[in-house]
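Engineer: Quick one: this structure, given as structure tokens, is what I'll be asking you about.
And the structure:
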């Protein structure tokens, strides 16, 4: 297993980007300095925890644990996607099914074609990328549908008042 160590220099460069963001916020009087620092602190803690969890999963190399992690990733993506849905009931369930089926098929094709091996070190990062992109796509669909409902609300109400079913409207 290849180990990629984070050097002090790379951490310093990353923190310099944070300092640049804080300076821009201060110069433009955006008052985001506290939020930026809070977000950076939260991100550091989350990354440390995720690093230890992934290190454990990679070392165990268990298929069921890998699948459980992929399901957790899909669950998280669906949870975040449903937050963008204001007009759809049971958005989490449809988001979870869409993201999980899409990620599952894509991962199956990648594994069966030999593009990646079914090992946690390859499956989990790819699953995260697939689910993340699916989450963005589902969120955009929800936003688009919501905007369409708002813009066509009068027309929908007219159809309903004339006896159309909700599905027809």
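In my numbering, the protein residues as written are 1415 to 1583.
Ideal Cβ positions, reconstructed from N, Cα and C, are used throughout, including at glycine.
Please read these numbers as outputs of a predicted model, since none were measured by experiment.
#1: Leaving aside the five residues before and after residue 1472 along the sequence, list all residues of the same chain whose C-beta is less than 6 Å from its C-beta, in chain order.
#2: Around the Cβ of residue 1582, are there at least 16 other Cβ atoms within 10 angstroms (buried) or fewer (exposed)?
#3: How is the alpha helix (DSSP H) around residue 1539 delimited, first residue to last?
#4: Quick one: is residue 1498 buried, meaning 16 or more other Cβ sit within 10 Å of its Cβ, or exposed?
#5: Helix, strand or coil for residue 1573 per DSSP?
#6: Considering Cα atoms alone, identify which of 1520, 1441, 1469 and 1435 is closest to residue 1453.
#7: Is it the case that the Cβ atoms of residue 1549 and residue 1457 are separated by a distance below 8 Å?
Structural biologist: Let's see:
#1: 1534 and 1535
#2: exposed
#3: 1534–1565
#4: buried
#5: helix
#6: 1435
#7: no
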